[in-house]
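Start counting at 1 in the sequence shown, then tack on 11, and there's your number in the working numbering.
Glycine included, each C-beta is placed from N, C-alpha and C at the ideal position.
See below for the structure under consideration.
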Amino acid sequence: MRANPFPYAGIPDDTPNLYVGQDGVLSAVNTVLSTAICTGRANHLIVTGAYGNGKSHTLKYIQSQVSLRFAHERQRPCIGYVAQPGETFLDIYREFIYNLGYEFIKARAQELIGMVAVDLVDRGVIEGRVNREDGWRSIEGGDILLSEVVPHAFLSLSKEVKFPDFARAFINMAYEENSITSWEWLSGEAIEYSRRREMSLTANINRYHAPRAFNALKRTFEPLRYTPVIMLIDEFEYIETLQARTKQNMLNSLRHLIDMNPTKFSLIIACAPEVWEKLVSEYHAFSERIAKEVNLKPLNQTTVRTLIVSYLNRERLEPTSTLDPFTDGAVDHIFKVGNGNTRRIVTLCSQLVDLGVDLGSECIDEEAVESFLG
């Protein structure tokens, strides 16, 4: 092997390409997202599972696979990952924007302005040679004046999203002198009045404006064919730590978000099962809007072996189906100790591989596992 293939501390990769032993979960995710992508109808899912059974890994795998699958399609879902819900929907919105990233938002602003430029030339409103496949390139090349396009782009977007501040900040993302301030505003950062005044922004995005800003973002992406918008929220059990009123406000915000977006939207939440059961029994108005639930189950002996081989092959010079350097007895013992918990199993494998290297061992057998565990 070139290196230890197992992640340290069982922390999932940001863009994982391995997913083992949860075919039922993948089937449920595929059903939900296929509905949203193919029909445009909103569809939502709750993924439950005990700590360490792969909730974060599942959400990150969904994001990486959707991004990869649609990378070269004309219509691409806009998918963002939120590591934790926080205390208000503003926290969710902010993390969603951060996950999409500055460069992504800037490129979409340029794309939108380019589309408006093509439309203006077609209608004879402005003159110039325009690249119909990439109007922004014509602006960068000097064939079309940006100053002639921006006012039309702003009016058009403002009319569409009915949020002038959002439209102005989004359009201003397209050019360097305003992009940083625009990014800060769009991501929900508090900007002092003097900086907002320079860009004619009346107020910051607060927790009351955040759902409106999210809806504006979603509507902005629709003509750009970045649809549906898929929001992945991890560690939803965090809301159980909130005070009752804060918790109720958070759930109400998400309920309203679902109600306001009956099309081109999908929400996938990962939550500890005991917390989700409590939400189902106490907050019907929210839980009933997420009609589907799927549970991450502990791995069995067969899937543990598949998992270990899959990780080993990441760093093998030639992929094989063997467990080497682990013996069958070692893997059986790892399964029993880990009790089918993915995080524990992966962490233990990582520690054992490092120990084997330190000791110069060619194989990791059951005795080595027992010795390591004391």
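Going by DSSP, name the residue or residues bridged to residue i.
i    : result
V305 : V58
F276 : V240
C360 : According to DSSP, C360 bridges with nothing at all.
I281 : Checking the sequence, you will find Ala at residue 281 rather than Ile. According to DSSP, A281 bridges with V58.
Mind checking which residues open and close the alpha helix (DSSP H) that includes residue i?
i    : result
C374 : Here C374 belongs to no alpha helix (DSSP H), and DSSP marks it neither H nor E.
S169 : L157 to V172
A255 : A255 to M271
A224 : A221 to F232
Q33  : Unbroken run through Q33: none, as it is neither H nor E.
T317 : Q312 to E326
F297 : H295 to S298
S149 : G146 to E151
Since residue i is in the beta strand (DSSP E), which residue starts that stretch and which ends it?
i    : result
M242 : V240 to I244
Assign residue i to one of three DSSP states: helix, strand, or coil.
i    : result
R52  : strand
S211 : coil
F17  : coil
F337 : strand
A185 : coil
R218 : coil
A379 : helix
N350 : coil
N41  : helix
L235 : coil
D343 : helix
E200 : coil
S332 : coil
Y176 : One point to set straight first is that residue 176 is Asp, not Tyr, in the sequence displayed. Here D176 sits in helix by DSSP.
D24  : coil
L367 : According to the sequence shown, residue 367 is Gly rather than Leu. Helix.
Quick check on the DSSP output: what are the complete alpha helix (DSSP H) runs of length 4 or more inside the stretch 71-144, in order along the chain? Counting whole runs of 4 or more residues, the stretch 71-144 contains the alpha helix (DSSP H) stretches 100-111 and 113-133.
Cβ contact check for the stretch 272-281 and the stretch 236-248: 3 or more pairs under 8 Å: Flag = yes, the stretch 272-281 and the stretch 236-248 touch.
Three or more C-beta pairs under 8 Å: does that hold for the stretch 252-261 against the stretch 82-94? Contact between the stretch 252-261 and the stretch 82-94 is absent, because fewer than three Cβ pairs lie under 8 Å.
Is the stretch 159-174 close to the stretch 118-130, with three or more CB pairs under 8 Å? Segments in contact, yes.
Is the stretch 149-164 touching the stretch 196-208 in the sense that three or more CB pairs, one from each, lie closer than 8 Å? Short answer: they don't touch.
Three or more C-beta pairs under 8 Å: does that hold for the stretch 327-341 against the stretch 360-380? Touching, yes.
Quick check: the stretch 278-287 against the stretch 300-309, are there 3 or more CB pairs under 8 Å? Between the stretch 278-287 and the stretch 300-309 there are three or more C-beta pairs closer than 8 Å, enough to call the two in contact.
Check whether the stretch 222-234 and the stretch 46-62 touch, using three or more Cβ-Cβ pairs below 8 Å as the test. No: the two stretches stay apart, fewer than three of their Cβ pairs being nearer than 8 Å.
Below 8 Å, can you find three or more Cβ-Cβ pairs linking the stretch 180-198 to the stretch 206-214? Yes, they touch.
Do the stretch 243-251 and the stretch 284-292 touch if we need at least three Cβ pairs shorter than 8 Å? A contact is defined here as three or more CB-CB pairs under 8 Å, and the stretch 243-251 meets this definition with respect to the stretch 284-292.
Contact the stretch 16-24 vs the stretch 359-370: 3+ CB pairs below 8 Å: These segments touch.
Is there contact between the stretch 21-30 and the stretch 67-84, where contact requires at least three CB pairs shorter than 8 Å? Yes, they touch.
Quick one: any contact between the stretch 97-106 and the stretch 257-266, if contact means 3 or more CB pairs under 8 Å? By the Cβ criterion, the stretch 97-106 is in contact with the stretch 257-266, since at least three pairs of Cβ atoms, one from each stretch, lie closer than 8 Å.
Count the CB pairs spanning the stretch 141-157 and the stretch 214-224 that are closer than 8 Å, and state whether there are at least three. No: the two stretches stay apart, fewer than three of their Cβ pairs being nearer than 8 Å.
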